[in-house]
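Scroll down for the structure; my scribbles are underneath it.
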Amino acid sequence: MPTEDTPQTAKHWRDCTDVNDFLEQIRLRPGMWLPGGSLHHLQAVLTGYQVAVTVHSVDDPCDFWHGGAFSRWLGQRLGGTSPLGWASDIERTTPPGSTPVEEFFRLLDAYRRDTATDADR
-10 MPTEDTPQTA KHWRDCTDVN DFLEQIRLRP GMWLPGGSLH HLQAVLTGYQ
40 VAVTVHSVDD PCDFWHGGAF SRWLGQRLGG TSPLGWASDI ERTTPPGSTP
90 VEEFFRLLDA YRRDTATDAD R
């Protein structure tokens, strides 16, 4: 599942520099981080991450909050969203031959490309 810009070696989560670095570590070892391949576990981890950076006044924008930038982008891409959050939306629309985790990282790559393109405009 790694992409060409993904680090090829795993590192400890304490060595991650931001949420995107952390997500790349999850991409490398999803079985370690996501019991049963559940995106709801990932959504919960990212919600906890957002709460922690907010409580500690850390400037690390996290786009994965319910209703955040990733959710809005995904809603436009899928033609709507569920009140259950982006994990449910991805699980509901995962195509045959893929898994929700694979689909999340495919969508994450597309989201990053789209937001990088928007920032360049």
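Residues in the sequence shown are numbered consecutively from -10, following our numbering. Where a beta carbon is used, it is the ideal one built from N, C-alpha and C, also for glycine.
At the C-beta level, Gln39 and Trp22 stay beyond 8 Å of one another. Taking 8 Å as the cut-off, the beta carbon of Trp75 is found no closer than this to the beta carbon of Gln14. In this structure, DSSP gives Ala(-1) a state outside helix and strand, which the three-state scheme calls coil. Out of Leu12, Gly26, Arg18 and Pro19, the CA that lies nearest to the CA of Ser77 is found in Gly26.
Excluding the 5 residues flanking it on each side, Thr43 has no same chain C-beta neighbour closer than 6 Å. Taking a contact as a CB-CB distance under 8 Å, the pair Glu80 and Pro72 does not count as one, their CB atoms being some 14 Å apart.
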